[in-house]
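Worksheet for the structure shown next.
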Amino acid sequence: MNEAFHSNSGITDYEAAFMSRGLPADLHDACDDFGASMSSLASVLAGRAEATAEFTDWILQCMPACRILDRICRVEYENNPGELAAWLQAAHIKKAKAKPPAP
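For the record, in the sequence shown the residue sitting at position 22 is 47 according to the working numbering, with numbers rising by one throughout.
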């Protein structure tokens with residue numbers, strides 16, 4: 026798409042229209058900058074997806090220990106409603122689902 030835009034951006038009517046709106050007349054650099062920013066965005070999104078996958082793996086590894094700790098705390102705080110409520114609030118962790126992160 027950049028190449029088609031590059032080839033048409035040399036036409037004077039387009040240049041005048043862009044300049045009248047405060048945009049640069051030479052759009053070649055602007056198109057290149059836009060392409061570079063999209064490449065950078067793709068890199069950031071890939072890094073975020075990788076971090077999410079690693080975090081999900083860590084959660085799945087910790088879930089058995091959390092279940093054991095939950096049973097212990099429920100018995101320990103059975104006669105102390107305030108402490109039990111605090112534990113239940115602090116231990117509210119949604120179950121992680123093993124699915125691949127969105128691209």
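From the three backbone atoms N, C-alpha and C, an ideal C-beta is built for every residue, glycine too.
DSSP state of residue i mapped onto helix, strand, coil
{"i": "residue 96", "result": "helix"}
{"i": "residue 46", "result": "coil"}
{"i": "residue 75", "result": "helix"}
{"i": "residue 108", "result": "helix"}
{"i": "residue 40", "result": "helix"}
{"i": "residue 101", "result": "helix"}
{"i": "residue 116", "result": "coil"}
Cβ neighbours of residue i in the same chain (closer than 7 Å, five flanking residues each side left out)
{"i": "residue 95", "result": "116"}
{"i": "residue 102", "result": "108, 109 and 112"}
Cβ distance (whole Å) where residue i is taken to contact residue j below 8 Å
{"i": "residue 91", "j": "residue 112", "result": "Wrong, their Cβ atoms sit about 12 Å apart, outside the cutoff."}
Neighbourhood of residue i by C-beta distance below 6 Å, restricted to the same chain and skipping five residues each side
{"i": "residue 57", "result": "none"}
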